[in-house]
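The listed protein sequences derive, respectively, from chains Z and E.
If you read the first sequence in the numbering used here, its first letter stands for residue 956, the second for the next number, and so on.
If you read the second sequence in the numbering used here, its first letter stands for residue 266, the second for the next number, and so on.
Glycine included, C-beta positions come from ideal geometry on N, C-alpha and C.
The structure appears below as structure tokens.
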Amino acid sequence: MSNVPAELKYSKNHEWVRVEDDGSLTVGITDHAQAALGDLVYVEAPEVGESYGAGDACAVVESVKAASDVYSPVAGEVIESHESLADEPEHVNEDPYGEGWIFRLRPDKPEDVDALLDVDGYQKMLEEEDV
Amino acid sequence: MGNRTPLYDQHVALGARMVDFGGWDMPVNYGSQIEEHHKVRQEAGVFDVSHMTVVDVEGSGARDFLRYLLANDVAKLKGPGRAIYGCMLDEQGGIIDDLITYWREEGRYRLVVNAATREKDLNWIMRHAERFDGVTVIEQADTALLAIQGPAARERAAALLPGEHREAAMALKPFGCGDFGDVFVARTGYTGEDGFEIVIPAEQAQRWWQGLMEAGVVPVGLGARDTLRLEAGLNLYGSDMDESVTPLESGLAWTVAWEPAERDFIGRQALEKRRAEGASEKFVGLILEGRGVLRAGQTIVCGAGEGVTTSGSYSPTLERSIGLARLPGDCGETVEVEIRKRRVPARVVKPPFVRQGEIKVAL
């Protein structure tokens, strides 16, 4: 069973989002997503200063098997990028909600976060996918 | 639901991630694919490759038929108990499949062909066999195939054979094979390591699997099988080659037996024409120098024109991204690969990248 922390928000594309005290959003991929991808060997984090719309591809995670896009969960500007993941992509496998964070975003509209899934919604989605 | 091998339940019980592979539900990995890869390079792993197709070609006309069917020449085999790798071509020289032919005894040959090409291969073989006398083509469906690979693989696998067969199995030379009771053993593989590939009756599959697990042979999925074969510089059918190319553009010219000149084989005329024209395309290995991961289908830019990667992945042994590629001509020592609109430099090398646990290219 994959780990789904209760305090986070989730996108349908298997990103997790943590709302920080300053209103910025930290984004990574979920435990379920990293397990499905398998051993990651490369992460291309987005560039600081870039702006993305909700659902725009902004980063790439590559496993031994394949490359997968990571999507911006809401519209906003990248304010920090976890570039060292390019050399240490295994953090995403080992600690997806901690050291495996991929980027931080300043949302255009803070209330957009409310439209994301909560823990129950994401877990329900995983169960339905499993069928 | 896809086809299942006799070991399907074992894979699921081990927590394997199952994927569809040519119509079969197969394990892609049981945990970390990279760890499975290293285990084969350093010790021993077992792959369930029962999805592959075993075709026995038998009878007094079998030898002549295979000499016509295949671009490599079974007459090169010095005697029974030997195997040869090569391609089955169409009249245009396009590759229908690549396969190993095992000579078991006089008038008895065994072919192991790819799962994804099973029906096409069987139809092709049957169609051409009709024109030969004394040839029987039999698909062995009720069998399991295991590839036990790695420096410790042969010893651990041979220990599971009945006592009277162990020594003989261990004495097999590379590309040697033999029948030991109802177990067919060949010293072949698809990893660049030493090891055995065995064909056993389906009802023995679980006992063998269990015995290998107890002997410390780890289960390895098709994911690691792909990175191992890529490091070993071994082509994957459907990715590095198919009907649109000949062995001459696929790094497989060495598998075409031109001599004796009077031997007629399917595709010979087309291949000879191509050889006379001087095929300019080069099939090479690549090591990515910049950031990213090589994948099949990426465009390559070099002085001679544009090429394409036919395979690419991350090499756990080299800790770099590597690939195989078809180049338009001589591109020199470095090329550029287009990865998501960026151009990333890659170095051209001659495969294999790794053999018998040793790195064979300069890093």
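{"Check": "Does Z:GLU1084 have its Cβ less than 8 Å from a Cβ in chain E?", "Outcome": "no"}
{"Check": "Excluding five sequence neighbours on each side, which residues of the same chain lie with their C-beta closer than 6 Å to the C-beta of E:ARG421?", "Outcome": "ALA309, ALA480, VAL482"}
{"Check": "Find the residues of chain Z that neighbour E:THR254, judging by a C-beta separation of less than 7 Å, and give them in chain order.", "Outcome": "No statement about residue 254 of chain E is possible, as the shown extent of chain E runs from 266 to 628 and does not include it."}
{"Check": "From the DSSP output, in three-state form, read off Z:LEU1081 for me.", "Outcome": "helix"}
{"Check": "Pull up the distance between the alpha-carbon of Z:SER1023 and that of Z:GLY983, whole angstroms please.", "Outcome": "13 Å"}
{"Check": "Please report the straight-line C-alpha distance between E:MET266 and E:VAL284, rounded to a whole angstrom.", "Outcome": "11 Å"}
{"Check": "What residues of chain E sit near Z:VAL1019, judged by a beta carbon separation below 7 Å?", "Outcome": "GLN298, ILE299, GLY488, THR492, SER578, TYR579"}
{"Check": "Counting pairs of Cβ atoms below 8 Å between the stretch 990-1005 of chain Z and the stretch 1076-1085 of chain Z, do you hit three or more?", "Outcome": "no"}
{"Check": "What are the residues in the stretch 983-1003 of chain Z lying within 9 Å of chain E by C-beta distance?", "Outcome": "ALA990, ALA991, GLY993, ASP994, VAL996, TYR997, GLU999"}
{"Check": "Distance check for Z:ASP977 and E:LEU551, CA to CA, integer angstroms please.", "Outcome": "46 Å"}
{"Check": "Please report the straight-line C-alpha distance between Z:ASP1085 and E:SER576, rounded to a whole angstrom.", "Outcome": "30 Å"}
{"Check": "Relative to the alpha-carbon of Z:ASP1067, which residue among Z:ALA1030, Z:ARG1059, Z:GLU1035 has its alpha-carbon at the smallest distance?", "Outcome": "Z:ALA1030"}
{"Check": "According to DSSP, simplified to helix, strand and coil, what is Z:SER957?", "Outcome": "coil"}
{"Check": "Anything in chain Z within Cβ reach of E:ARG605, meaning under 9 Å, just list it in chain order.", "Outcome": "GLU999, VAL1015, ALA1022"}
{"Check": "In the DSSP assignment, find the beta strand (DSSP E) that holds E:PHE548 and state where it starts and stops.", "Outcome": "547-553"}
{"Check": "Are the beta-carbon atoms belonging to E:VAL486 and E:VAL305 less than 8 Å from one another?", "Outcome": "For the sequence presented, residue 486 of chain E should be read as Gly rather than Val. The answer is no: Cβ separation not under 8 Å."}
{"Check": "Give the interface partners of E:GLY310 over in chain Z, defined as CB-CB distance under 8 Å, in chain order.", "Outcome": "Within chain Z, no residue comes near E:GLY310; the closest Cβ sits about 15 Å away, beyond 8 Å."}
{"Check": "Once the 5 residues before and after E:PRO629 are set aside, which same chain residues still bring their CB inside 7 Å of it?", "Outcome": "Nothing about residue 629 of chain E can be read from this structure; chain E reaches only from 266 to 628."}
{"Check": "Give the residues of chain Z in contact with E:GLY557, contact being defined as C-beta atoms less than 8 Å apart.", "Outcome": "TYR997, GLU999, GLU1017"}
{"Check": "Please work out which residues of its chain come closer than 6 Å, Cβ to Cβ, to E:CYS567, disregarding the five sequence neighbours upstream and downstream, and give them in chain order.", "Outcome": "CYS596, VAL600"}
{"Check": "For Z:VAL1003, count the other beta carbons within 10 Å of its own beta carbon; 16 or more makes it buried, fewer makes it exposed. Which is it?", "Outcome": "exposed"}
{"Check": "The alpha helix (DSSP H) that contains E:ASP386, what's its start and end?", "Outcome": "383-394"}
{"Check": "Assuming the contact rule is C-beta atoms closer than 8 Å, Z:ALA1009 and Z:SER1036 should be a hit. Round their C-beta distance to whole Å, please.", "Outcome": "Going by Cβ atoms, the distance from Z:ALA1009 to Z:SER1036 rounds to 19 Å, so no, they are not a contact pair."}
{"Check": "Out of E:LEU477, E:ARG392, E:THR401, which has the shortest C-alpha to C-alpha gap to E:ARG375?", "Outcome": "E:THR401"}
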